[in-house]
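Every position in the sequence shown, counted from 1, becomes a number in this note's numbering once 403 is added.
Here a beta-carbon is modelled for each residue, glycine too, at the ideal position from N, C-alpha and C.
Computed from a predicted structure; not experimentally measured.
Presented below is the structure to which this report refers.
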Amino acid sequence: MRYSVIAIGGLKRGFYQEGCQHFLGRLSAYAKIELLELKEGKGRTPEQVKEQEGKALLKAADGYLICLDEKGRQLGSEQLASKISLLENRAISHISLLIGGAEGLSETVKKAVSDSWSLSKLTLPHELARLLLLEQLYRAETIRAGHPYHRE
């Protein structure tokens with residue numbers, strides 16, 4: 404599987420950068436992964452910002468599009484691994500995971516994606532969400548490979 408994590412904004416705190424680099428390195432042993440950071444939108448209203456960022460996210464994405472949204476479907480780690488395997492069995496080899504900015508995702512993005520996932524019912528800072536996503540992708544790939552990283 405090939406993953407593109409496309410996020411609005413960069414990581415500002417060093418420990419998030421270190422954590423993301425750690426899991427990017429580990430995940431790259433199992434799958435191709437790229438991380439794209441897009442500029443934050445500018446506008447007079449939150450809706451204008453979301454629309455501008457949404458256009459940038461969709462322009463940068465390809466393959467099977469999944470957005471991360473607090474109202475999305477929640478999956479356990481083993482369910483995530485199964486979902487990825489199911490997509491791969493349907494000849495899907497590239498997943499783009501879209502992370503919106505501080506204002507969230509535009510309705511345009513939500514309508515354009517094939518699926519919407521939630522990492523938690525909790526509201527997470529975008530930097531933490533990115534780190535959590537990378538760890539869960541790594542966990543899913545180790546489950547798929549039969550590696551003992553995940554414990555039930």
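Span separating the alpha-carbon of residue i from that of residue j
i: Lys435; j: Val452; result: 31 Å
i: Glu481; j: Leu535; result: 15 Å
i: Ile635; j: Ala432; result: In the structure displayed, the chain extends from 404 to 555; residue 635 sits before or after that span and is not available.
i: Gly413; j: Arg493; result: 33 Å
i: Arg405; j: Ser496; result: 6 Å
i: Lys513; j: Gln424; result: 28 Å
i: Gly466; j: Glu443; result: 23 Å
i: Thr448; j: Lys458; result: 16 Å
i: Glu450; j: Pro551; result: 44 Å
Under 8 Å between C-beta atoms of residue i and residue j
i: Val408; j: Arg542; result: no
i: Ile487; j: Asp518; result: no
i: Ile411; j: Gly504; result: yes
i: Glu456; j: Ser521; result: no
i: Ile498; j: Leu489; result: no
i: Thr511; j: Glu454; result: yes
i: Lys415; j: Glu530; result: yes
i: Leu564; j: Leu438; result: The chain is shown only over 404 to 555; residue 564 falls outside these bounds and no answer can be derived.
i: Leu460; j: Leu441; result: yes
Limits of the alpha helix (DSSP H) - the one that residue i falls within
i: Leu501; result: Element bounds for Leu501: not the alpha helix (DSSP H) but the beta strand (DSSP E), His497 to Ile502.
i: Leu483; result: Ser480 to Asn492
8 Å Cβ shell around residue i - same chain, five flanking residues per side excluded
i: Lys524; result: Glu473 and Gln477
i: Thr526; result: Glu473
i: Gly475; result: Asp518, Ser519, Trp520 and Ser521
Same chain, Cβ closer than 7 Å to residue i, five either side skipped, listed in chain order
i: Gln539; result: Ser480 and Leu483
i: His553; result: Ser480, Arg542, Thr545 and Ile546
Endpoints, beta strand (DSSP E) assigned at residue i
i: Leu382; result: Nothing about residue 382 can be read from this structure; the chain reaches only from 404 to 555.
In chain order, which continuous runs of the alpha helix (DSSP H) of length 4 or greater are located wholly inside the segment 501 to 544?
510 to 515
Complete alpha helix (DSSP H) runs within the segment 451 to 479 (minimum length 4 residues, chain order):
Entirely contained in the segment 451 to 479, not one alpha helix (DSSP H) run reaches 4 residues.
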